[in-house]
Amino acid sequence: MYFEKVNFTDGDLPYNHLLHEVRLVPFHWHEFIEIIMVIEGQLSVHIGKETYELNKEDVIIVPSLVRHSLEGTAGNIVSVIQISSEFINQEMPSYRDKIFVVKPDKVILESGIVKELVQFAVIELKGNLSRIERKINILQLLVTLTELLLIERDSSEIEHLDDLMFKILFYINDNISNQLTLSSLAKQFNFNQSYLSRLFKKNLGVNLSEYIMSYRMQLTCYDLLQTDENISEISLNHGFVSLSSFNDQFKKRYHMTPKQFRIKNSRLEYTDDEIQNRLYNYINLSKNDSLTSLFALVKETNTQMHMEKEMTFVNGVVDMVATNGGSFKKELIQTVGIGRAEDLLDADVRQQLLLAQTDIGIKFVRFHGIFSDELMVYHEDADGEVMLNFRTINRIFDFFVNNHLKPFVEIGFMPKELASEDKTMYFWKANTTMPKDIHKWKKLVSGFIRHVIGRYGIDEVLSWEFEIWNEPDITNFYWHGTQMDYLVFFKDTYHAIKSCHKNLKVSGFSTTSWAITEHDWTDVALEYISKEKLELESFTYHIYPIEWKKNLSDISILPTSRKGLYHYAEPDYIEKMVKNIKDKIQQSDSIKNHRTVVTEWNSSSDLFDLIHDTVFMASFIVKNVISAYRHVDVLSFWTLSDIFPEIQLTDDLFYGGFGLVTREGIKKPSYYAFCLLAELTETVVYQDDHLIITTDRKKNYQILVHNFQEYDNLYKEFNHAHITDKERYNVFKHKMEKRVIYLLRKIEPGYYQVTEKKVNQLQGSAYDKWLATGALENSMTLERHLKETATPAVSSRMVEIKDEYSLELTMLPHEVRLISLKYREE
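Counting along the sequence shown from 1, when you hit position 443 you're at 443 in UniProt numbering, and nothing is skipped either side.
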């Protein structure tokens, strides 16, 4: 039996809250009370001589300084609150002579305990409260427990061990690897054997040999689950004389071998290669709904999850003269993604692109699948000769040229007849294997390039961008082969393009950001192209603010099957990432002008992230663009449209798609965020965490402000139990309004037209307008209504400014607002 020393995780707050899966915790004791509630599954709790079987919504309170152990069924979820005994004694002096009921009956639970514990767990997990509020919360919980469960210590069914028994148990614990017998223990403590045997039976309810065997089994099971030690070492460490005797005892008790037990119940562990593959495989991110049961209890008990509205205050003084803020170049936001080349034949996609060209100034369009089989580009005749057909893709590039749009052509994926293997991804079966014949591949690539030059002219094609493949660092998904296989393939493709004209713009490597910062993939690639003397127009990569949780933990808000996978990164992740990557590329002599281009970015890589439709996206986009503009040349959002057939889509109007507009062409708040960004001018006067101010140097100014809100701790861990189609704003740490007061000085005196455009839940959010209709079924009437009414609020007034202007705003959560000051000549 061991003593569990716990450090309370948040400084002087006298408690911990844990939500985890309990496998097996050997007998131990500690100087705090432990309130355990089962959310899912079953749990056996052994306290002293008693065993308590807990099912869903059952509660048990383990007193301080009481010996106990825990065993849970697979897949259980348990909420645990550990409260310092010292704190309880300080706040409740009468507690010294009393104790809480260990196992409350059903009547007491229904009278309010479950409700209190559920509310406490949810608020703790969301991480919304300040330290003072958390302390108040624990005191309120203690008041409820005191009113319903506090009894005289003598009335408790739990017998506390005296000092002598503790000494004996600790001696056993310290010497468990030795041969412990009734005789050796009696000799150690100067007892006769009969007395020691009766003492053990009276205090623990079992005889000495049974206790030692049971405790050894607990310790071995724990080590089987939590360590990589071999089974022989584990058995010897805990006092078994031989492996065969240990196996016999283990099978007798658990009806399986130790090896079978370890395989069946082992923790989720990964090798370095598995970590790399899982890290990069963001395509298959799985949402974790393990806490659905907890949030069902929230609804059943009418627990109030929503915190009262709060407000943050930001202020500053800005001299409105050009400083060293740098330039906000329009090209930063003038590229956008479309899912695949074939989508560009869709009339709805084309209409959406032309709208974005008008509203945002989109110039470049990036897409997958220029060689996809649906476009019928590649064919081999009966003799294996290459046959190329560009009639279908002509319709795509004709559309671009006729509308003054530029393609950002991703060279890929592999035509079926040219593929070395039948390995595909996406609903449309993109083949991601190497070519079976590199010479035929080069013939395809050079044939394509010569065709577009012949059709559209060299000057036009020299203005296009080309990128070779997509995310080759995600092995066994986007690339089936080694990195060196890819680099040789890249070199051959590069030369096939450049053989048509040396000035064509070829970029790479279109990897995930993790390949740059978490692995040596990019270092190897840059060294290779330097050695091969390949110069890239741009260094291209993708950013999704998701990080690998490398540290596995027994205490997690995720069950074992989800430990160590992913979590959303901190709010400044994108800013830090583009800066670090820019710094790295500055060291390379193979990237022309050290140009960096993000060819994909979004708030997540989840194709059904319900947050994508909300006004949160407006603040997410504005926050990240204005913080990253100094460190990256292009930020190409992925994607423009929810018309995106990478997987089978639902029929829902707002299904959480990547797009800035729905399949029906309804503009989301994210679309309007780019519209506001497009109104910024080139010279940056000032920028901080809350806003950016630009000027055209003609006495006109643009001020773009956001009220970004961070995800709560649950959603950060990919737990989607508290988000639904109609309730999508429960996943934020705070719902804080923002009061903005900035004094803008040194403005040219005169009259200014002050125009405000704002996007929030009330204006410019089609999803929230849809909710306001009662979440009607989709219809042409509904679509028309949303297109007409879900637009930003616009107001304008004339103001005389003599030297300074006081900017004062109160912003709703997630709101973005553009304030334009346009000078009026007298």
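Glycine is no exception: its CB is placed at the ideal position from the N, C-alpha and C atoms.
- Cβ-Cβ separation between Gly-369 and Arg-340: approximately 4 Å, consistent with a contact (criterion under 8 Å).
- For Gln-709, the closest of Glu-783, Leu-809, Pro-813 and Val-740 by C-alpha to C-alpha distance is Pro-813.
- In the pairwise beta carbon analysis, the segment 98-112 is classified as not touching the segment 75-86: fewer than three pairs are separated by under 8 Å.
- Taking each of Trp-29, Glu-21 and Glu-34 in turn and checking the Cα distance to Pro-14, the smallest one comes out for Glu-34.
- When only Cα atoms are considered, Ile-747 and Thr-614 end up about 36 Å apart.
- Counted as a single uninterrupted DSSP element, the stretch harbouring His-814 is not any alpha helix (DSSP H), since DSSP gives it neither H nor E.
- Using a 10 angstroms sphere on the CB of Asn-324, the tally of other CB atoms stays under 16, which defines it as exposed.
- Rounded to whole angstroms, the gap between the alpha carbons of Pro-407 and Thr-724 is 37 Å.
- Contact check for Trp-638 and Glu-600: beta-carbon distance about 4 Å, within the 8 Å limit, so the pair qualifies.
- The alpha-carbon of Val-754 is positioned some 11 Å away from that of Val-794.
- Three or more beta-carbon pairs separated by less than 8 Å are not found between the segment 476-495 and the segment 448-456, which leaves the two stretches without contact.
- In the three-state reduction of the DSSP assignment, Ser-232 falls in the helix class, which pools H, G and I.
- Look at Val-45 here: in three-state DSSP terms it is strand.
- Bounds of the alpha helix (DSSP H) holding Phe-166 are 163-174.
- Proximity to Met-434 across Leu-649, Asn-470, Tyr-426 and Ile-138 peaks at Asn-470, based on C-alpha coordinates.
- Glu-679 and Ile-333 have their C-alpha atoms spaced approximately 11 Å apart.
- The segment 482-567 contains, as complete alpha helix (DSSP H) runs of 4+ residues, the segments 483-498, 514-517 and 521-531 (chain order).
- Under the criterion of beta carbons closer than 8 Å, Tyr-568 and Tyr-711 qualify as touching, at roughly 6 Å.
- In the assembly as shown, Asn-602 is a buried residue. Its beta-carbon has 16 or more other beta-carbons within 10 Å.
- In the three-state scheme derived from DSSP, where H, G and I count as helix and E and B as strand, Leu-24 is classed as strand.
- Gly-325 is not bridged by DSSP to any residue.
- In this structure, the CA atom of Glu-385 is about 11 Å from the CA atom of His-439.
- With respect to the C-alpha of Asn-730, the residue from Ile-123, Leu-54 and His-451 having the closest C-alpha is Ile-123.
- Judged by DSSP secondary structure, Asn-315 falls within the beta strand (DSSP E) whose first and last residues are 310-319.
- In the structure shown, Tyr-715 adopts helical secondary structure according to DSSP, grouped into three states.
- Excluding five sequence positions before and after Leu-139, the CB atoms of its chain that fall closer than 8 Å to its own CB belong to Glu-91, given in chain order.
- Residue environment for Gln-179: exposed (fewer than 16 other C-beta atoms within 10 angstroms of its C-beta).
- The bridge partners DSSP lists for Arg-340 are His-368.
- Around the beta-carbon of His-501, fewer than 16 other beta-carbon atoms lie within 10 Å, marking it exposed.
- Counting along the chain, the unbroken alpha helix (DSSP H) around His-785 starts and ends at 780-789.
- Ala-382 carries a coil assignment under DSSP once its states are collapsed to helix, strand and coil.
- DSSP assignment within the segment 408-460 yields no whole beta strand (DSSP E) run of 3 residues or more.
- In the displayed model, Trp-601 falls within a strand according to three-state DSSP.
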